[in-house]
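Using my numbering, the letters of the sequence shown correspond one by one to residues -6 to 111. All C-beta atoms, glycine included, are put in the ideal place defined by N, C-alpha and C. Keep in mind the model is a prediction, meaning the values are calculated, not measured. Comments concern the structure below.
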Amino acid sequence: MRLLFQVTFAVATLLEIVLIAVLIRRSVRKTSPRRTVSGGEWLSAAGYFAGPMVIVQLLVHGWDTLHPTDIALFAATFGLVTAALTERLRPRHPTAALATLTLPAALGLLGGLVGPGL
């Protein structure tokens, strides 16, 4: 499980780097009328990750294992990538766009089970 979580985090980090590059490119060229990421969706997706992770980690590993900086890092990364995916899917597949919000919750559960020392 630990390896699976680490791989998903590495993939999400790479996607986040690509997304940031796209955002910078669009802001320099000022060519995109479409939104790439909404701040509210980013925070919602981050919350969908952090909530299950904290609850599961407390239940499985105890209070002393919580590291707020790790949770914030994972939540920000998975939240940004999920928000971008949601924005990308929304015009053509609105139902699939809503379903993407289950991804950070599932990864939060996995992160909580994996526990400290990621």
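- In the DSSP assignment, glycine 32 falls within the unbroken alpha helix (DSSP H) covering 32 to 54.
- In the structure shown, arginine 85 adopts coil according to DSSP, grouped into three states.
- Leucine 103 places its beta carbon 7 angstroms or farther from that of glutamate 9.
- Out of Val47, Glu80 and Met(-6), the CA that lies nearest to the CA of phenylalanine 67 is found in Val47.
- For proline 109, no alpha helix (DSSP H) run applies, since DSSP gives it neither H nor E.
- Counting only the Cα atoms, aspartate 57 lies some 9 angstroms from proline 109.
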